[in-house]
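Colleague: In the numbering used here, the protein residues as written are 59 to 399.
Note that beta-carbon positions come from the ideal geometry of N, C-alpha and C, so glycine has one too.
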Amino acid sequence: MELRTETALASLEMSEVKSDGGSSEGDEDYESLPAHASLCTHMTAGAVAGVLEHTVMYPVDSVKTRMQSLQPDPKAQYRSVYGALKRIVRTEGLLRPLRGLNITVLGAGPAHALYFACYERIKRSLSDVIQNGGNSHIANGVAGSVATVLHDAIMNPAEVVKQRMQMYNSPYRSLYDCVLTVSRKEGLAAFYRSYSTQLTMNIPFQAVHFITYEFMQEHFNPQRQYRPETHILSGAAAGAVSAAVTTPLDVCKTLLNTQENVALSSAHVSGHLSGMVNALRTVYRLGGVPAFFKGVRARVIYQMPSTAIAWSVYEFFKYFLTQQESHIQDLGRDAHKASNT
């Protein structure tokens, strides 16, 4: 998920930092990690936030994938998220909703680590040129776009494997079996069939996401202090709205990733389906406009807490690092003064 740089810390928050032994020197952007933070720090914070975002609500994501099936098996037709989870656990085993979680963790960690590191680096470089180091919406947008391209390049193959393992009666015995079978039968290109759709979906998703998040923050946290409850609330609202409006593209992405045999046969598609335009046509042919919103409720239920968790975790890391850095700077100055006396 894309993060956006905000204005300097409000004077009220800076006074709180001072009272805890912090310093007001070198004003740091509230919505970014400290400028002096190492590349490792950016990547670690991003990786933790990304893994938690994708894994905490993973069972709901499994239900969402199945609900987006255009021609589901009669035994895999669900009316609600809770009903789906209950039936899956009862008929397929307690751990079935977690199938594919391993590849998600393997992909989300490095993908988000690269995303945050790339975003922060490009954002600062462009901000120095455009706004002399100040906040620049152009810099944020360009940095987020480049970072998203790199993030999705890592996550797209993981999404393909994950969604194939999530489907009802998935023929794959393990992560290794899925990767090996898909690469042998469909070639390595199969792992990137939905890449263009993924990028097309993530651009409006991120736009709506941050418009909503910033609107909520301006209303509930105008001073931009570290207030976990506002980050959770704003993140949840942003996740819900952006998830709902981009569901049609997510349905297309799921079809491209899973290559649903029954659905493709019903649409008289021979071979493998590829391309966003072909996916849009196939979805419409099979179910009309309503088909584009299959699984929307599960997608929103999954995205709300996931986004809230990601924002709150990342904001905590930034707050903690800022406080620690201020404390270290004070200790350094005190030591320097002591040595001079």
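DSSP on Glu373, reduced to helix/strand/coil?
Modeller: Along the sequence shown, read from residue 1 onward, the residue named residue 373 stands at position 315. Helix at Glu373.
Colleague: What does the alpha-carbon distance come out to for the pair Ser127 and Glu318?
Modeller: Locating residue 127 in the sequence shown gives position 69, where the first residue counts as 1. Locating residue 318 in the sequence shown gives position 260, where the first residue counts as 1. Each residue's alpha carbon lies about 8 Å from the other.
Colleague: Measuring alpha carbon to alpha carbon, tell me which of Asp235, Thr305 and Ala301 ends up nearest Thr270.
Modeller: By 1-based counting over the sequence shown, the position of residue 270 is 212. Looking at the Cα atoms, Ala301 is the closest of the given residues.
Colleague: If we count the other Cβ atoms within 10 Å of its Cβ and call it buried at 16 or more, is His394 buried or exposed?
Modeller: For the purposes of this step, residue 394 is taken as the residue at position 336 of the sequence shown. It counts as exposed.
Colleague: Can you find the residues in the same chain that come closer than 6 Å, C-beta to C-beta, to Leu110, ignoring five residues on each side of it along the sequence?
Modeller: Sequence index remark: in the sequence shown, residue 110 carries index 52 (1-based). Counting only Cβ-Cβ distances below 6 Å, and skipping sequence neighbours, we find Ile367 and Val371.
Colleague: Are the stretch 325-339 and the stretch 276-296 touching by the rule of at least three beta carbon pairs closer than 8 Å?
Modeller: No, the stretch 325-339 is not in contact with the stretch 276-296.
Colleague: Measure the alpha-carbon distance for His112 versus Ser384 and round it to whole angstroms.
Modeller: Residue mapping note: residue 112 aligns to position 54 of the sequence shown, counting from 1. Residue mapping note: residue 384 aligns to position 326 of the sequence shown, counting from 1. Roughly 32 Å separates the two Cα atoms.
Colleague: Classify Gly329 as buried or exposed, calling it buried when 16 or more other Cβ atoms lie within 10 Å of its own Cβ.
Modeller: Here residue 329 corresponds to residue number 271 of the sequence shown, with the count starting at 1. Looking at its Cβ environment, which holds fewer than 16 other Cβ atoms inside 10 Å, Gly329 is exposed.
Colleague: Please say whether Val114 and Val139 have beta carbons closer to each other than 9 Å?
Modeller: One-based indexing of the sequence shown puts residue 139 at position 81. One-based indexing of the sequence shown puts residue 114 at position 56. It is not a contact, given that the beta carbons lie outside the stated cut-off.
Colleague: Among residues of its own chain, excluding the 5 on either side of Cys98, which ones have a beta-carbon nearer than 7 Å to its beta-carbon?
Modeller: Residue mapping note: residue 98 aligns to position 40 of the sequence shown, counting from 1. Here the set comprises nothing.
Colleague: Using a 10 Å radius around the Cβ and a threshold of 16 neighbouring Cβ atoms, would you call Gly108 buried or exposed?
Modeller: Taking the first residue of the sequence shown as position 1, residue 108 is located at position 50. Buried, because 16 or more other Cβ atoms sit within 10 Å of the Cβ of Gly108.
Colleague: Under a CB-based cut-off of 9 Å, is Cys310 close to chain B?
Modeller: Although the question refers to chain B, the structure presented lacks it and comprises just one protein chain.
Colleague: For the putative contact between Phe351 and Pro306, defined by C-beta atoms under 8 Å, what is the C-beta separation to the nearest angstrom?
Modeller: Taking the first residue of the sequence shown as 1, we reach residue 351 at position 293. Taking the first residue of the sequence shown as 1, we reach residue 306 at position 248. With 8 Å as the limit, Phe351 and Pro306 qualify as a contact, their Cβ atoms being about 7 Å apart.
Colleague: Could you compute how far the alpha carbon of Leu314 sits from the alpha carbon of Gln221?
Modeller: What you label residue 314 is simply residue 256 of the sequence shown in a count that begins at 1. What you label residue 221 is simply residue 163 of the sequence shown in a count that begins at 1. When rounded, the distance between both Cα atoms is 10 Å.
Colleague: Given Arg251, which residues of its chain have a CB within under 6 Å of its CB, disregarding the five upstream and five downstream residues?
Modeller: One-based indexing of the sequence shown puts residue 251 at position 193. Once the five neighbours on either side are set aside, the close Cβ partners of Arg251 are Leu314 and Ser332.
Colleague: Going by DSSP in three states, Arg137 sits in which element: helix, strand or coil?
Modeller: Counting from 1 along the sequence shown, the entry for residue 137 is found at position 79. Three-state DSSP puts Arg137 in coil, outside helix and strand.
Colleague: Quick check on this structure: which residue in Ile386, Tyr253, Ile290 and Arg145 has the alpha carbon closest to the alpha carbon of Lys335?
Modeller: Along the sequence shown, read from residue 1 onward, the residue named residue 335 stands at position 277. The amino acid occupying residue 335 in the given sequence is Val; Lys does not appear at that position. Taking only the C-alpha atoms, the option nearest Val335 is Tyr253.
Colleague: Going by beta-carbon coordinates alone, are His209 and Leu172 separated by less than 9 Å?
Modeller: Residue 209 sits at position 151 when you count from the first residue of the sequence shown. Residue 172 sits at position 114 when you count from the first residue of the sequence shown. A contact, by the Cβ cut-off of 9 Å.
Colleague: Considering Met291, what are the terminal residues of the alpha helix (DSSP H) in which it resides?
Modeller: Against the sequence shown, residue 291 aligns to sequence position 233. What sits at residue 291 in the sequence shown is Leu, not Met. Run containing Leu291: Pro286 to Val303, per the alpha helix (DSSP H) assignment.
Colleague: Does the stretch 120-136 come close enough to the stretch 354-363 to have 3 or more Cβ pairs within less than 8 Å?
Modeller: Segments in contact, yes.
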